[in-house]
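Below is one structure, written out as C-alpha cells; comments come after it.
2 protein chains.
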Amino acid sequence: MTVPTPEDALTSSAPVPDSALADEGYRAAVVDLLAAVAYGEISAFERLAEDAKLAPSLADMVELSTMAAAQLGHVVELRERLYALGVDPFAAMEPFRTPIDEFHRHTAPADWWEGLVKAYVGDGLAADFYLEIAGLLDESTADLITRTLTDVHHSEFVVGRVTKAIEADPPLGGRLALWGRRLMGEALSQAQRVAAERESLLDLVAGGVGRPGLDLLEMGRMFTRMTERHNQRMGTLGLAF
Amino acid sequence: MTVPTPEDALTSSAPVPDSALADEGYRAAVVDLLAAVAYGEISAFERLAEDAKLAPSLADMVELSTMAAAQLGHVVELRERLYALGVDPFAAMEPFRTPIDEFHRHTAPADWWEGLVKAYVGDGLAADFYLEIAGLLDESTADLITRTLTDVHHSEFVVGRVTKAIEADPPLGGRLALWGRRLMGEALSQAQRVAAERESLLDLVAGGVGRPGLDLLEMGRMFTRMTERHNQRMGTLGLAF
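These protein sequences, in sequence, are chains H and F.
First residue of the first sequence: 1, per my numbering; consecutive thereafter.
First residue of the second sequence: 1001, per my numbering; consecutive thereafter.
Shown next, in the form of C-alpha cells:
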C-alpha cells in the first residue's frame, strides 16, 4: 500500500522523547492508539478473509486471503508492546470494537470489486490517519506504528485487477468511484465518534508539556493531506473523483 | 502439532534420487501430492478463519485466526514448487477441491470445542498421511512436504484449552471423543475417494523403477501407525478412545 512515512506527515519541531511514556495521560493515549491499530488489523483480517469468498477464482481467493493473513501478522508486535506497557491487549481493544465493527457493517462490499477497493482505499485511509498521529509520538511508538501499517506488496495486486476490470467494463468505474467516496464518509464518521469518546486521544492531539500538539490550522492541513492521498489512491485505481 | 518426521514413517532401503522427477509418471504424482497439500492448507485457512468466529473471546479468536494464517503461509512455497515443476498451481489443485471441500462440509463444527479438536486432530491426520507418503519420495520433495506440514506452536493452545474445558465439564469429553472418531471416518472416506480417482497416486504407492513401493503388509503397517498417532492425539486432548 502506498502509505506515507511519518516524514511526509506531521513534523514536530522537537521530537517527543521516549521518556514521555512516564506521563500517565500520554501513556494512556499510546495504549489507545496501539489498541485501535491492533483491533483495526484483526477486523481487517476477518473482513478480508470473508470478502475472499467473493473471489472469481481460487487464485484470487488465495491472494486476498494472503492480504488478510499479513494484516493479522502485524498484531503480534502490537500485542507485545501493549503487554510491555502493562495492559491486557484485548481489554485495551474493547473501546474500539464497536466503531470499527460498525464501519465494516456499513461498508460490506456487494461484490469482489467493492471488496478490493475497500481493501486498498479503506486500509489506506486508516493507515494515513495513524501515520499522521505517529508524528506526535515518541520515536519508539511511532516506529512501531509505521512498521505495522506498511505493506507494499499487495497493493499491486488490487491496482492491477481493478484497473483491468474498469477497462473491460467502464460503468464499473462509476460505481466504484461512488463506493470510494462512501468509504471516506463512513471512515470519517466513525473516526469522529472515537475522537469524541476517547479523551486521551484528544489530549494527545492537543499536546502537552514537552509534546507538540496541533492547532486548528495544522489539523486542517492534516485533513487536506489525507484527502489528497485518498484522491491519489482513487486516481491510481483509475477512478474519477 | 506433534507430527512424525519422515524418519518415523516409511523408510526406503534406497532413497529416491531427485532425478526421479525426470520420470513423467512420478512427476505427475508429485504434482498431485503437492497440489493436494496446498489445497488442503488453503481450505484449512478458510475453515479456521470461519471457525474462529465461534471463539468465546477476542483473544481466542485471534489465536485460531493466527493458526489459519500460518496454514496459508505454507502455501507460498508449495505454489513456487508447482510452478517450478511446470504446472499452473491452481489448475493442479482442481481435482482435490471437491473431496477436501466435502470433508469440511461433512465435518462443520457445531461449536468452538469441535472446531479446536478438528484443527488439532483433523490436521494431524492429514499431516500423518502426507508425511508417510513423503517416505516414498525424492529428498527435495519430501523435505518440502515436511516443512509445510510442521507447525509445533499452536497445538499447545488447543491442548491447553480443550483439556481444561473437559475438566470443567466432563460430559464434553464424551461428545468430543465421538467427534474425533467421526473426523477419522470422514478423512478415510475422502482419502479413499481421492486414491480411487488419481491413478498417479496409486502408481506412486505401487513403486517403480528405482523407487520403492508399498506391498499390502507395509500398507497395513502404515495405517496402523496412523491410527496409533490419532489415538495418541486423542489421548493428549484427554479424550477416551
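Beta carbons: idealized from backbone N, C-alpha and C, even for Gly.
Just so you know, these numbers come straight off a predicted model, no measurement behind them.
Say whether chain F places a C-beta atom closer than 7 angstroms to the C-beta of residue i.
{"i": "residue 129 (chain H)", "result": "no"}
{"i": "residue 152 (chain H)", "result": "Any reading at residue 152 (chain H) must be qualified, since the residue scores a pLDDT of 49, below 50, and its modelled position is unreliable; the value itself is stated next. No - not a single Cβ of chain F is within 7 angstroms of the one on residue 152 (chain H)."}
{"i": "residue 49 (chain H)", "result": "yes"}
{"i": "residue 227 (chain H)", "result": "no"}
Answer with yes or no whether the minimum CB distance from residue i to chain H is below 7 angstroms.
{"i": "residue 1043 (chain F)", "result": "no"}
{"i": "residue 1001 (chain F)", "result": "The predicted model places residue 1001 (chain F) with a pLDDT of 42, which falls under 50 and marks its position as unreliable, so this point remains unresolved."}
Verify whether the separation of the beta carbon atoms of residue i and residue j is less than 7 angstroms.
{"i": "residue 1115 (chain F)", "j": "residue 1169 (chain F)", "result": "no"}
{"i": "residue 1031 (chain F)", "j": "residue 1211 (chain F)", "result": "no"}
{"i": "residue 43 (chain H)", "j": "residue 133 (chain H)", "result": "no"}
{"i": "residue 122 (chain H)", "j": "residue 64 (chain H)", "result": "no"}
{"i": "residue 56 (chain H)", "j": "residue 113 (chain H)", "result": "no"}
{"i": "residue 239 (chain H)", "j": "residue 173 (chain H)", "result": "yes"}
{"i": "residue 90 (chain H)", "j": "residue 1048 (chain F)", "result": "no"}
{"i": "residue 1029 (chain F)", "j": "residue 1200 (chain F)", "result": "yes"}
{"i": "residue 108 (chain H)", "j": "residue 158 (chain H)", "result": "no"}
{"i": "residue 128 (chain H)", "j": "residue 226 (chain H)", "result": "yes"}
{"i": "residue 94 (chain H)", "j": "residue 71 (chain H)", "result": "no"}
{"i": "residue 1087 (chain F)", "j": "residue 1176 (chain F)", "result": "no"}
{"i": "residue 213 (chain H)", "j": "residue 207 (chain H)", "result": "yes"}
{"i": "residue 96 (chain H)", "j": "residue 36 (chain H)", "result": "yes"}
{"i": "residue 69 (chain H)", "j": "residue 1069 (chain F)", "result": "yes"}
Show which residues of chain F have a CB atom less than 7 angstroms away from the CB atom of residue i.
{"i": "residue 35 (chain H)", "result": "Within chain F, no residue comes near residue 35 (chain H); the closest Cβ sits about 11 angstroms away, beyond 7 angstroms."}
When every heavy atom of the ligand FMN is checked, does at least one fall within less than 6 angstroms of the C-beta of residue i?
{"i": "residue 1129 (chain F)", "result": "The ligand FMN is not among the ligands present in this structure, which contains no ligands whatsoever."}
Using CA atoms only, rank isn't needed, just tell me which of the options is closest to residue i.
{"i": "residue 103 (chain H)", "options": "H:217, H:193 and H:225", "result": "H:193"}
{"i": "residue 19 (chain H)", "options": "H:38, H:85 and H:72", "result": "H:85"}
{"i": "residue 80 (chain H)", "options": "H:124, H:148 and H:44", "result": "H:148"}
{"i": "residue 1092 (chain F)", "options": "F:1039, F:1024 and F:1239", "result": "F:1039"}
{"i": "residue 1160 (chain F)", "options": "F:1220, F:1037 and F:1237", "result": "F:1237"}
{"i": "residue 215 (chain H)", "options": "H:136, H:198 and H:165", "result": "H:136"}
{"i": "residue 22 (chain H)", "options": "H:119, H:138, H:61 and H:70", "result": "H:138"}
{"i": "residue 1025 (chain F)", "options": "F:1231, F:1202 and F:1197", "result": "F:1202"}
{"i": "residue 67 (chain H)", "options": "F:1180, F:1087 and F:1045", "result": "F:1045"}
{"i": "residue 1144 (chain F)", "options": "F:1130, F:1155 and F:1156", "result": "F:1130"}
{"i": "residue 162 (chain H)", "options": "H:34, H:229, H:228 and H:60", "result": "H:60"}
{"i": "residue 1078 (chain F)", "options": "F:1205, F:1105 and F:1142", "result": "F:1142"}
{"i": "residue 1105 (chain F)", "options": "F:1196, F:1204 and F:1186", "result": "F:1186"}
{"i": "residue 1054 (chain F)", "options": "F:1110, F:1037 and F:1075", "result": "F:1110"}
{"i": "residue 82 (chain H)", "options": "H:205, H:140, H:62 and H:232", "result": "H:140"}
{"i": "residue 229 (chain H)", "options": "H:34, H:180 and H:27", "result": "H:180"}
{"i": "residue 33 (chain H)", "options": "H:217, H:73 and H:205", "result": "H:205"}
By the criterion of Cβ-Cβ separation under 8 angstroms, what are the contact partners of residue i in chain F?
{"i": "residue 67 (chain H)", "result": "The premise fails here: residue 67 (chain H) is roughly 10 angstroms from chain F at the closest Cβ pair, so nothing lies under 8 angstroms."}
List, in order along the chain, the chain H residues whose C-beta lies closer than 7 angstroms to that of residue i?
{"i": "residue 1072 (chain F)", "result": "65, 66 and 69"}
{"i": "residue 1058 (chain F)", "result": "90 and 93"}
{"i": "residue 1062 (chain F)", "result": "42 and 75"}
State yes or no: is the beta carbon of residue i nearer than 7 angstroms to at least one beta carbon in chain C?
{"i": "residue 1127 (chain F)", "result": "Absent from the structure is chain C; the protein chains it does hold are H and F."}
For this session: Run through the region 30-99 of chain H for me and flag every whole alpha helix (DSSP H) of 4 or more residues, listed as ranges in chain order.
Result: 58-84
Exercise. If you scan the region 1139-1217 of chain F from start to end, which runs of the alpha helix (DSSP H) of 4 or more residues do you find wholly inside it?
Worked result: 1139-1149, 1153-1168, 1170-1197 and 1199-1206
Exercise. Considering only residues of the region 1099-1135 of chain F, which uninterrupted beta strand (DSSP E) runs meet the minimum length of 3 residues and lie entirely inside it, listed in chain order?
Worked result: Here no run is fully enclosed.
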